[in-house]
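S.K.:
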Amino acid sequence: MITLPPSERDLHAYVDGLLNDADRQTLETWLAAHPERAKQVLAWQRDAQNLRAGLSGELHRPLNPELDPAFIRQRLRRNRSRHFATAAALLIAVGIGGLSGWQARELTMISGVLPMADAVQAYRMFAVNDNMASDWNSAKPNDVQVWLDQNFAQANRAPDLESAGFKPVSARLTSTEQGAAAMVVYKDTQGRTLSFYIRPPGANNHLLSSGTRRDGELQANYWSGGGYNYAVVSPADDPAAQAARQALKQPI
Amino acid sequence: MNDVDDQLRELLPRMRRFAVSLTRNASSADDLVQSSLEKALSAWSGKRPEGDLRAWLFAILYRQFLDAQRRSRRYSRMLELFTGGKEDHYQPSVERTVVAQTTLQAFERLNTEQRALLLWVSVEGLSYNEVAQILDVPVGTVMSRLSRARQALRLLSEGEITTPALRILK
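Residue numbers (our numbering), protein chains in the order written: chain U, 142 to 393; chain V, 2 to 171.
1. Do you know how far the Cα of U:L289 is from the Cα of U:G320?
2. Roughly how many angstroms lie between the CA atoms of U:Y259 and U:Q387, to the nearest whole one?
3. Measure the beta-carbon distance from U:V261 to U:V374 and round it to whole angstroms, keeping in mind my assumption that it falls under 8 Å.
4. Let me know the secondary structure DSSP gives U:N220 once reduced to three states.
5. With burial defined as no fewer than 16 other Cβ atoms inside 10 Å of the residue's Cβ, what is the status of V:A117: buried or exposed?
6. Hey, how far is the Cα of U:E207 from the Cα of V:D31?
7. Could you name the residues of the same chain whose beta carbon sits closer than 8 Å to that of U:R333, not counting the 5 residues immediately before and after it, in chain order?
8. DSSP puts U:Q360 in a beta bridge; with which residues?
9. Considering only residues of the segment 288–334 of chain U, which uninterrupted beta strand (DSSP E) runs meet the minimum length of 3 residues and lie entirely inside it, listed in chain order?
10. Under 7 Å, do V:S158 and V:T113 count as touching if we go by C-beta distance?
11. Within the same chain, show all residues whose beta-carbon is closer than 8 Å to that of V:W45, passing over the 5 residues directly before and after it, in chain order.
12. In the DSSP output, what is U:I339 paired with across the bridge?
13. Buried or exposed, going by whether 16 or more other CB atoms sit within 10 Å of the CB of U:H201?
14. Could you name the residues of chain V that U:N205 contacts, counting a contact when the two beta carbons are closer than 9 Å?
15. Flag V:T104 as yes if its beta-carbon sits less than 7 Å from any beta-carbon of chain U, otherwise no.
16. Is the segment 126–146 of chain V touching the segment 49–64 of chain V, taking contact as three or more C-beta pairs under 8 Å?
17. I want to know whether the segment 223–236 of chain U touches the segment 267–279 of chain U - three or more CB-CB distances under 8 Å.
18. Taking Cβ positions only, does V:D4 come closer than 7 Å to chain U?
19. I think U:G367 touches U:P256, with their Cβ atoms under 8 Å apart; what is that distance to the nearest whole Å?
20. Go ahead and label U:E358 buried or exposed: buried means 16 or more other beta carbons lie within 10 angstroms of its beta carbon, across all protein chains shown.
21. Is it buried or exposed, V:S37, if we count other Cβ atoms within 10 angstroms and call 16 or more buried?
22. Using a beta-carbon distance below 7 Å, is V:E114 in contact with chain U?
23. Quick one: grab the DSSP three-state call for U:S365.
24. U:E149 versus chain V: which residues are under 7 Å apart at the beta carbon?
25. Taking 7 Å as the threshold (beta carbon to beta carbon), is V:S123 in contact with chain U?
As structure tokens, then:
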């Protein structure tokens, strides 16, 4: 049942023929007494009729066979089988890629990832820089081992290289994706520098078997123990450094 | 399945008419119908809701059109960036033979949603609820938009306002 005066919605419903007979009559009586509103409603009705008439021609356009549902179904099926073909090709490609990826991984494990590359990098960035900000230095009351033990539980002892003339002078904590790492810088009286680097084993840094590797003018001696990887990085051709590396070979 | 196709075939002229009223161009209208039918047929197995098939198809078609329009607007903005030109506003086609020329011309100057609304309500006779579902708005919103669309059509047919002034009306 509509109420009077009619709402906007009722007026539109009247124009669109959506009122029941009783409501329509009620509204028509009311409109007869309100010529302004009646004029508007009538104009809306006429517009709607004009639209219906004006757009009716569009219903009689010549058929387009490409729009026939059967044709479209066929096209969809064709596309789908093409998708299947694409998917199959993709699967094969992924398979091949996976296989070669696995092979690549083996290759990487053999030669691709350089063990303790970050140790070498840290040496280049910090160890040779005398202005390196340090978290520990030889002026501190505790020795470097105490400082290391605060940060790395159960780690191997820092190497004692005094027999070769190298003493720890400063140390710095850095971070890796796998957690904290640290570098201890050793110097001898000539100012020659080498570093001891400790880090947790990472994605590409599984625990290492002992080894050495040369990287430019530097040499890295690395090993694992106590859940960490270690490296001593030193100038490769320096005799004092060679002596230090000999000292490293003594059981620590 | 053939029964479905027959229903679709029967509604095809209405879909094409609606598409023309949106695209204002017969051939891109048919492209729109085609992509909408593809969508409808792919969705048929799972999604087709209860209710009027026509309203469901109109909803798909309308959304497809808006998506395409959004894409092409992005494209034309890019084009504008390079050419400095502005997209030509639509000019009603002269060759279309119609009975109610002025009303149709006015209709063609309405915005997309107003054209869709008037076609659904005045020409196709969809219920306000169905329209609300298509547009995903409350019925009250449909009513106020319908009211504005009708007034805009009226004013445009009487030649009282021009397109820029219509903006204020929105």
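Every residue, glycine too, gets a C-beta built ideally from N, C-alpha and C.
M.R.: Looking at the atomic coordinates:
1. Stepping through the first sequence from its first residue, residue 320 of chain U is reached at position 179. Stepping through the first sequence from its first residue, residue 289 of chain U is reached at position 148. Each residue's alpha carbon lies about 14 Å from the other.
2. Reading the first sequence from its first residue, position 118 is the one you call residue 259 of chain U. Reading the first sequence from its first residue, position 246 is the one you call residue 387 of chain U. It should be noted that the sequence gives Asp, not Tyr, for residue 259 of chain U. Going by the C-alpha atoms only, they are around 23 Å apart.
3. Indexing the first sequence from 1 puts residue 261 of chain U at position 120. Indexing the first sequence from 1 puts residue 374 of chain U at position 233. U:V261 to U:V374, Cβ: 5 Å. Contact.
4. Position 79 of the first sequence holds residue 220 of chain U. DSSP places U:N220 in helix when its eight states are reduced to three.
5. Counting from 1 along the second sequence, the entry for residue 117 of chain V is found at position 116. In this structure V:A117 is buried. Its beta-carbon is surrounded by 16 or more other beta-carbon atoms within 10 angstroms.
6. The residue labelled residue 207 of chain U in the question sits at position 66 within the first sequence. The residue labelled residue 31 of chain V in the question sits at position 30 within the second sequence. When rounded, the distance between both Cα atoms is 9 Å.
7. Locating residue 333 of chain U in the first sequence gives position 192, counting from the first residue. Cβ contact annotation for U:R333 (same chain, cutoff 8 Å, sequence separation greater than five): F307, P376, D379, A381, A382, in chain order.
8. Position 219 of the first sequence, counting from 1, holds the residue named residue 360 of chain U. U:Q360 has U:R355, U:S375 as its beta-bridge partners, per DSSP.
9. Those beta strand (DSSP E) runs which fall completely within the segment 288–334 of chain U and span 3+ residues are 308–317, 320–328.
10. Numbered from its first residue, the second sequence carries residue 158 of chain V at position 157. Numbered from its first residue, the second sequence carries residue 113 of chain V at position 112. Against a cut-off of 7 Å, the Cβ pair of V:T113 and V:S158 comes out as no contact.
11. In the second sequence, the residue the question calls residue 45 of chain V occupies position 44. Cβ within range, chain order: V5.
12. In the first sequence, counting from the first residue as 1, residue 339 of chain U sits at position 198. Looking at the DSSP output, U:I339 bridges to U:A323, U:Y371.
13. Along the first sequence, one-based indexing puts residue 201 of chain U at 60. So U:H201 counts as exposed.
14. As a working note, residue 205 of chain U is residue 64 in the first sequence. Here the neighbours are L13, R17, D31, V34, Q35.
15. The residue labelled residue 104 of chain V in the question sits at position 103 within the second sequence. It does; some Cβ of chain U falls within 7 Å.
16. Cβ pair count under 8 Å is three or more, so yes.
17. Short answer: they don't touch.
18. In the second sequence, the residue the question calls residue 4 of chain V occupies position 3. Answer no: the Cβ-Cβ gap between V:D4 and chain U never drops below 7 Å.
19. For the purposes of this step, residue 367 of chain U is taken as residue 226 along the first sequence, with counting starting at 1. For the purposes of this step, residue 256 of chain U is taken as residue 115 along the first sequence, with counting starting at 1. Rounded, the Cβ-Cβ distance is 17 Å, inconsistent with contact.
20. For the purposes of this step, residue 358 of chain U is identified with residue 217 of the first sequence, where counting begins at 1. Exposed, since its Cβ has fewer than 16 Cβ neighbours within 10 Å.
21. The sequence position of residue 37 of chain V within the second sequence is 36, counting from 1. It is buried - the Cβ of V:S37 has at least 16 other Cβ atoms within 10 Å.
22. Taking the first residue of the second sequence as position 1, residue 114 of chain V is located at position 113. Contact with chain U is absent for V:E114, since none of that chain's Cβ atoms lies less than 7 Å from the residue's Cβ.
23. Counted from its first residue, the first sequence places residue 365 of chain U at position 224. DSSP places U:S365 in the strand class (E or B) of the three-state scheme.
24. Position 8 of the first sequence, counting from 1, holds the residue named residue 149 of chain U. In chain order: M144, S148.
25. Looking up residue 123 of chain V in the second sequence gives position 122. By the rule that beta-carbons nearer than 7 Å mark a contact, V:S123 touches chain U.
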